[in-house]
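Residue numbering for the sequence shown follows numbering that gives the first Met the number 0, starting at 0 and increasing by one per position.
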Amino acid sequence: MRGTGSWPCAWVWSRRARQIATARDTTTAWGPRRPGRIWSTSSTGAPARRLGSVPGSIDFVFLDIGGVLYDDRIYAEAWRRALREAGGRFTDEDFDEVYAACRAAQDGSFRRRLADRFIGPDADLASLEHRASRHWHYPPSALHPDVLQSLEALRDAGFRLGVIANQPTQVRAALERDGLVPFFEVWGVSDDLGLQKPDPALFVHGVRTAGVEPARAVMVGDRLDYDVRPAKVAGLRTVWVLRGEAPDLPTPEQLAEPDAAVADLRGLPEVIEDLARR
0 MRGTGSWPCA
10 WVWSRRARQI
20 ATARDTTTAW
30 GPRRPGRIWS
40 TSSTGAPARR
50 LGSVPGSIDF
60 VFLDIGGVLY
70 DDRIYAEAWR
80 RALREAGGRF
90 TDEDFDEVYA
100 ACRAAQDGSF
110 RRRLADRFIG
120 PDADLASLEH
130 RASRHWHYPP
140 SALHPDVLQS
150 LEALRDAGFR
160 LGVIANQPTQ
170 VRAALERDGL
180 VPFFEVWGVS
190 DDLGLQKPDP
200 ALFVHGVRTA
210 GVEPARAVMV
220 GDRLDYDVRP
230 AKVAGLRTVW
240 VLRGEAPDLP
250 TPEQLAEPDA
260 AVADLRGLPE
270 VIEDLARR
């Protein structure tokens, strides 16, 4: 849950990024092409490969789980069901409107805002979280199709990998089932550690466990408030993934916060390589 360098970087958009920009007519919404701001960079849809180089200023890449690796609609649906089980009365349209507002704001707990709106300010958040956890399981179909190739490309490039995520302990079973666990040597899951994003301590724990300096690590997440900002406080560099809980139309101010932004993971290996060369 950045940089403002002036190095000359070519802007190469993935097919998906161009589709998003064309469909939404977001020439101005995406903001000006800022030096050091990179979008998804694979023009073929295949992950970029590191061309015989070794990691420069980056050794370790941390990734969020929900939204980045798995479709976060599973999480949203779990909370929709939990709120109704707790007595909330609302239409799907009501829920979608509040959830979209949370995504657009990128500022504060989605859970708290949903609970306040549909249950009330005295809602028992811990009880709601327990209810939601019963429905919060990623099926194999929830794994984004670009994940395995991108992780393979990062690993083959020599980058070490870990996860930093607000997730229940049982999420590991989904990653094991889908063949992802062997990619990750650091497991920074909130329920296992008793720490939650946006606490920067979770990111500090990650880099200390990895044995790397914060400046030589990158956090890849789909939220500014829970990934990008606290990772910056902890000294990491950041890549914002524009899916999951990211807004449909990020503002220029929001896009200026991370070191880089990608529409999906297809261009992530090349983006990390570019950051490593800075």
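We put the beta carbon where it would ideally sit given N, CA and C, even for glycine.
Counting only runs of 3+ residues, the beta strand (DSSP E) found wholly inside the segment 188-244 occupies 216-220 and 236-240, in chain order. Counting every other CB atom within 10 Å of its CB across the protein chains shown gives Pro-251 a total below 16, marking it as exposed. It is roughly 38 angstroms from the alpha-carbon of Asp-121 to the alpha-carbon of Thr-208. Counting other Cβ atoms within 10 Å of its Cβ, Thr-237 reaches 16 or more and is therefore classed as buried. By alpha-carbon distance to Leu-194, the top candidate from Val-180, Ala-164, Ala-214 and Arg-130 is Ala-164. Here Ala-104 has no same chain residue with a Cβ atom under 7 angstroms from its own Cβ, once five neighbours each way along the sequence are excluded. Fewer than three beta-carbon pairs drawn from the segment 81-96 and the segment 205-222 are found closer than 8 angstroms, and the two stretches are therefore not classed as touching. Less than 8 angstroms divides the Cβ of Gly-220 from the Cβ of Val-227. For Arg-159, the uninterrupted beta strand (DSSP E) run begins and ends at 159-164, by DSSP. Within the same chain, Ala-77, Trp-78 and Ala-81 come within 6 angstroms of Ala-131 by CB-CB distance, once the 5 residues on both sides are set aside. Nearest Cα to Ile-271 within the set Ala-245, Ile-73 and Trp-239: Trp-239.
Sorting Tyr-98, Ser-126, Phe-202 and Ala-114 by C-alpha distance to the C-alpha of Gly-87 places Ala-114 at the top. Excluding five sequence positions before and after Phe-183, the CB atoms of its chain that fall closer than 6 angstroms to its own CB belong to Leu-160, Gly-161 and Val-162, given in chain order. Considering only Arg-171, Arg-176, Leu-179 and Val-180, the residue with the shortest C-alpha distance to Ser-189 is Arg-171. In terms of Cβ geometry, Gly-205 and Gly-178 do not form a close pair [threshold 8 angstroms]. The Cβ neighbour count for Ser-56, taken over all protein chains shown within 10 Å, is under 16; the residue is labelled exposed.
For Tyr-74, the closest C-alpha among the options Phe-59, Tyr-137, Ala-260 and Asp-123 is that of Tyr-137. Under the three-state reduction of DSSP, Trp-186 is assigned to strand. With a cutoff of 8 angstroms on beta-carbon distance, His-143 and Leu-223 are scored as not near each other. By the neighbour-count definition (other C-beta atoms within 10 Å, threshold 16), Asp-155 is an exposed residue.
Membership of Val-261 in the beta strand (DSSP E) is indicated by the continuous run 259-261. Taking each of Pro-181, Val-232, Val-180 and Arg-176 in turn and checking the Cα distance to Pro-199, the smallest one comes out for Val-232. Beta-carbon to beta-carbon, Pro-246 and Arg-102 are separated by about 5 angstroms, close enough to satisfy the 8 angstroms threshold. Within the segment 73-156, the alpha helix (DSSP H) runs of at least 4 residues that lie entirely inside it are, in chain order, 91-104, 109-117, 124-132 and 146-155. Annotation for Phe-59: Arg-159, Ala-209, Val-211 and Ala-216 place their beta carbon closer than 6 angstroms to its own, counting only its chain and skipping 5 residues before and after. Residues of the same chain with a CB within less than 8 angstroms of the CB of Leu-124, apart from the 5 flanking positions on each side, are Arg-110, Arg-111 and Ala-114 in chain order.
Taking Val-180 as the centre and dropping the five residues before and after it, the same chain places the C-beta of Arg-171 and Leu-174 closer than 8 angstroms to its C-beta, in chain order. Residue state for Leu-264 is assigned as coil, using DSSP reduced to three classes.
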